[in-house]
Each structure stands twice: as C-alpha cells, then as structure tokens.
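**Q**
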C-alpha cells in the first residue's frame, strides 16, 4: 500500500489520517489488552495455587490441633459445652482469623478423611471429624462445622485489588469463581494509545513513507513494548535437604537458638512461592526460556508475600525474598550486594546451589561433593560461608546420609 502524498486533495488526506489514527489507536489498545490479559491470567493462577494451599493448611492445623485430641473428643461426646466452646473460640482467634464460626452438627459425616472442605452458598465450609490423640476412633453421628471466610483470604492475596467473587468467571478452588473488579485497561492505557496514535499521525505529516515506517517499527513499537510489557523443578525433598544443609552451615557460622531456628524454617520454605508458578514451567525438564525464567523468578516475591500473611513467620519474609541474591549484585529480585543481603539468605543461597549440584535432576547428573565445591568457588557466593562447605563437606555429606537413613 502506498501512503498518500501531501499534494493529494485535502479530503483524501483527512480521511487517510483519520483511518490511520483509528488503526493505530485500536492496534495499541489491543496490544495493551493482550499484555494485560496474559499478565492477569498468570496472576489468577498464582492466587488459585496460593488460596488452595492456605485453606488446606489451615484445615490441617485445626484438625490436628483440636480434633485429634482425647479431651476434645470426650467433651463433645459428653456435651461439655464450656470446654469445647472455649476451644472453638481459640480456633476463631487463630491468625489471620479466616475461620469465623465453629459449631457442633449432630449428624453423620460420610467421609473417609479427617475433614471435608466444600463450598456452602457464599461461604467455605470445613467439616471436621473428631478423633482421639492417635487420630483413631472417630465420634459417630456428630461433626464440627467451621465457616472459613474465603472472600477475606482472596482479598488478602489480591495485592492489586482487581478481583471479586462472582457467579461466573475465572475458576478458583472449591467451586468459587473470580471476576475482574475493574477493566484490565486503565485510563493510562487509553491515554497512551491516543498519544501513540497522534504521534504516528504527526510523524506521517513530516516524514516520507519509508522513514516513517522505519521509525514506527524500529523505535515507536519497541518503545511501547519496553514500556508496557510485564515487567526446573525442585521437589519437597530438595527443600528438606536445603534446610539441613543451611542448618549445618549456620551452626558452623555460630548461629544458635532463635536465629538458627529461623534460618531452618526459612530454608525449609524458601521455595514456597513456586506454588504461584504454572506447573508446566515447574515440571519442565529442558532449559527454561527467557520468558519462562522471568515468570519463575517471581517465586521469590510471592514466597515473601505468603510469609507476610502469617505473623509467626512474617519476620522471615526478607530471607525468602533474597535467597537468590548474589554478593556481586547479579542475583534477583533486587540485585543486592554483599552485606546488603540478609546473612541467612546468603546461607540458603549456598545450600540451594550445593544441593542442586549434588542431586540428580532430569536435566543433569549429580556431581560429586568435591566437584560441587570447586564449581561453587567461581560463583558470586559469600566466601566466608563457602569456606565452611569447602572445609567440612565430608562431615556435611555424612550428616545428610545419616538423615536419609533415619527418614
């Protein structure tokens, strides 16, 4: 298609510029929508995984702590209202207070599991069977019903404040659905699209066809993308071994008491943010693409967000956030250097790399501890902590073998 020249009749020029303006406007809006829609889908998927984990974790804690207990079983069996009501109040006080009501239901619960989670109207019902201390001898003809405020959980996970519970929309766990509470495109997107369209029309009036086209594709388009595009799979066994290795290094480095416990907890859950990473990326056996790796890197931020939901471990969120930082600033998510990185995060970084090198993975064979230490010597890891592994890796391996035998 040849662009019209400036000596065309005014109406033809005007019509072409209107057409060009509308074309660029709608193309820009469509591009912005595609980027936002992809990002929104990834955001929903992370919330799907996170909310399911949190609900199931809460149900498991309550079941184990309150309804696998001789005293509670006896109190309910003998209708000791004062005792079990005091315990129900404690359940409702468990942070972050998702459970709002706890009541006795005198009817049979025909399930095999310790508890049942199901949507009930606009609420989430968790039905608990009642067992003795050994998790046996369930009470028959009675169960405990707890109402879980799923809407509150969604609100806390929805850091962007863009979701609402809906009858239809994006599927969430337990039969709920979510919809966008506002348009994916904000006023800024429309203003940007208009600006881009006006800019293109302005350029068309001052440059020749080829130079305009080159400018638009080589400068304008890349600028739009750079402005608006957003911003290996480890098993549970990996995290357990990273925690053991971190604890070993921490002891050698002089950590004791609460500091050592905090390190071990953070190491054990350092990759919890991967619940928000799509499974096809987590399970991929080949090298991740740049885009997939960008998504994978978000697990550090999501892990820290999950830690902040729980007052008991919220103070460890910075350790989880920075366990992929490197002392030369080449790590992520913030590119911290040296002592800017929390001490515990530097320990976990070394434990994480050591375990990855010495374990069989679908994409590489395990290396020997000696070779792992030599390889790590060239990496931007804390040299003092690395020296501990270098000097004591035989003791470390003996400890890991012993733990494996005890498991």
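Residue numbers (full-length UniProt numbering): 1 to 407. Note that CB positions come from ideal geometry on N, CA and C, so glycine has one too.
Buried or exposed, going by whether 16 or more other CB atoms sit within 10 Å of the CB of residue 280?
**A** Exposed, by the Cβ-count rule.
**Q** Would you kindly work out how many angstroms separate the C-alpha atoms of residue 408 and residue 285, rounded to a whole number?
**A** Since the first residue of the chain shown is 1 and the last is 407, residue 408 is not available in this structure.
**Q** Does residue 237 come within less than 9 Å of chain D when only Cβ atoms are used?
**A** The structure shown contains no chain D; it holds only a single protein chain.
**Q** Using the C-alpha atoms, what's the distance from residue 164 back to residue 147?
**A** Taking the straight line joining both Cα atoms gives about 19 Å.
**Q** Given that a residue counts as buried once 16 or more other Cβ atoms are within 10 Å of its Cβ, and exposed if not, what is residue 289?
**A** Counting Cβ neighbours within 10 Å, residue 289 comes out exposed, since fewer than 16 surround it.
**Q** Going straight from the alpha carbon of residue 64 to that of residue 269, what length do you get?
**A** Their backbone Cα atoms lie some 20 Å apart in a straight line.
**Q** Of all the options 383, 327 and 309, which has the alpha carbon lying nearest to the alpha carbon of residue 153?
**A** Comparing Cα positions, the closest option is 309.
**Q** I want to know whether the stretch 241-259 touches the stretch 361-376 - three or more CB-CB distances under 8 Å.
**A** The stretch 241-259 is not in contact with the stretch 361-376.
**Q** Have a look at the DSSP bridge pairing and note the partners of residue 147.
**A** Per DSSP, 101 and 125.
**Q** Just checking my contact of residue 421 with residue 338 at CB under 8 Å: how many whole Å lie between their CB atoms?
**A** With the chain covering 1 to 407 only, the question about residue 421 has no answer from this structure.
**Q** Decide if the stretch 131-140 is in contact with the stretch 66-81; the criterion is three or more beta carbon pairs, one per stretch, under 8 Å apart.
**A** Flag = yes, the stretch 131-140 and the stretch 66-81 touch.
**Q** Between which two residues does the beta strand (DSSP E) containing residue 116 stretch?
**A** 115-120 is the span of the beta strand (DSSP E), which, as asked, contains residue 116.
**Q** Rounded to the nearest angstrom, what separates residue 224 and residue 27 at their Cα positions?
**A** Its pLDDT being 33, under 50, residue 224 is placed unreliably in this model, and the value from its coordinates should be taken loosely. Their backbone Cα atoms lie some 12 Å apart in a straight line.
**Q** Can you tell me whether residue 316 is buried or exposed, with buried defined as 16 or more other CB within 10 angstroms of its CB?
**A** The residue is buried, with at least 16 neighbouring Cβ atoms inside 10 Å.
**Q** Do residue 157 and residue 51 have their C-beta atoms closer together than 9 Å?
**A** Contact flag set, yes.
**Q** May I have the straight-line CA-CA distance separating residue 364 from residue 357, to the nearest angstrom?
**A** Rounded to the nearest angstrom, the two C-alpha atoms are 9 Å apart.
**Q** State the Cα-Cα distance for the pair residue 240 and residue 23, rounded to the nearest angstrom.
**A** Cα to Cα, residue 240 sits roughly 55 Å from residue 23.
**Q** Extract the residue ranges of the alpha helix (DSSP H) inside the stretch 33-89, only unbroken runs of 4 or more that lie entirely within it.
**A** For the stretch 33-89, whole alpha helix (DSSP H) runs of length 4 or above, ordered along the chain, are 70-77.
**Q** Look at residue 243 and residue 273 and say whether their C-beta atoms are less than 9 Å apart.
**A** Not closer than 9 Å, so no.
**Q** Determine the direct distance from the alpha carbon of residue 91 to that of residue 386, and round the result to whole angstroms.
**A** In a straight line, the C-alpha of residue 386 is about 44 Å away from that of residue 91.
**Q** Taking C-alpha atoms, which residue in 70, 62 and 93 lies nearest to residue 115?
**A** The candidate whose alpha carbon is nearest that of residue 115 is 62.
**Q** Can you tell me whether residue 278 is helix, strand or coil according to DSSP?
**A** Coil, per DSSP.
**Q** Rounded C-beta distance between residue 238 and residue 355? I'm assuming under 8 Å.
**A** At roughly 6 Å, the Cβ-Cβ gap stays under 8 Å, so residue 238 and residue 355 are in contact.
**Q** With a Cβ-Cβ cutoff of 9 Å, do residue 278 and residue 56 count as a contact?
**A** Taking 9 Å as the Cβ cut-off, residue 278 and residue 56 do not qualify as a contacting pair.
**Q** Determine the extent of the alpha helix (DSSP H) in which residue 287 is found, giving its start and end residues.
**A** Careful: residue 287 lies outside any alpha helix (DSSP H) and carries neither H nor E.
**Q** Taking the alpha carbon of residue 345 as the point to measure from, which residue in 396, 271 and 18 has its own alpha carbon closest?
**A** Nearest option by C-alpha distance: 271.
**Q** Taking residue 100 and residue 60 to be in contact with their CB atoms under 8 Å, please state how far apart those CB atoms are, rounded to whole angstroms.
**A** No, residue 100 and residue 60 are not in contact; Cβ-Cβ is about 19 Å, not under 8 Å.
**Q** Relative to the C-alpha of residue 391, which candidate in 372, 401 and 406 has its C-alpha closest?
**A** The shortest Cα separation from residue 391 among 372, 401 and 406 belongs to 372.
**Q** Work out the CA separation of residue 298 and residue 89 for me, nearest whole Å.
**A** Residue 89 and residue 298: Cα-Cα distance of roughly 37 Å.
**Q** When burial is assigned at 16 or more other CB atoms within 10 Å of the CB, is residue 335 buried or exposed?
**A** It is exposed - the Cβ of residue 335 has fewer than 16 other Cβ atoms within 10 Å.
**Q** How is the beta strand (DSSP E) around residue 180 delimited, first residue to last?
**A** Its beta strand (DSSP E) spans residues 177-180.
**Q** I'd like to check one pair, residue 49 with residue 329: are the Cβ atoms closer than 9 Å?
**A** The answer is no: Cβ separation not under 9 Å.
**Q** So what does residue 171 bridge to, in DSSP terms?
**A** The partner list for residue 171 (beta bridge, DSSP) reads 177.
**Q** Suppose you measure from the CA of residue 6 to the CA of residue 47; what does that come to, to the nearest Å?
**A** With a pLDDT of 38 at residue 6, under the threshold of 50, the modelled position of this residue cannot be trusted; read the value that follows with caution. Roughly 54 Å between the two C-alpha positions.
**Q** Suppose the cutoff is 8 Å on Cβ atoms and the five residues either side in sequence are ignored; what does the same chain contact list for residue 168 look like?
**A** Here the set comprises 177 and 179.
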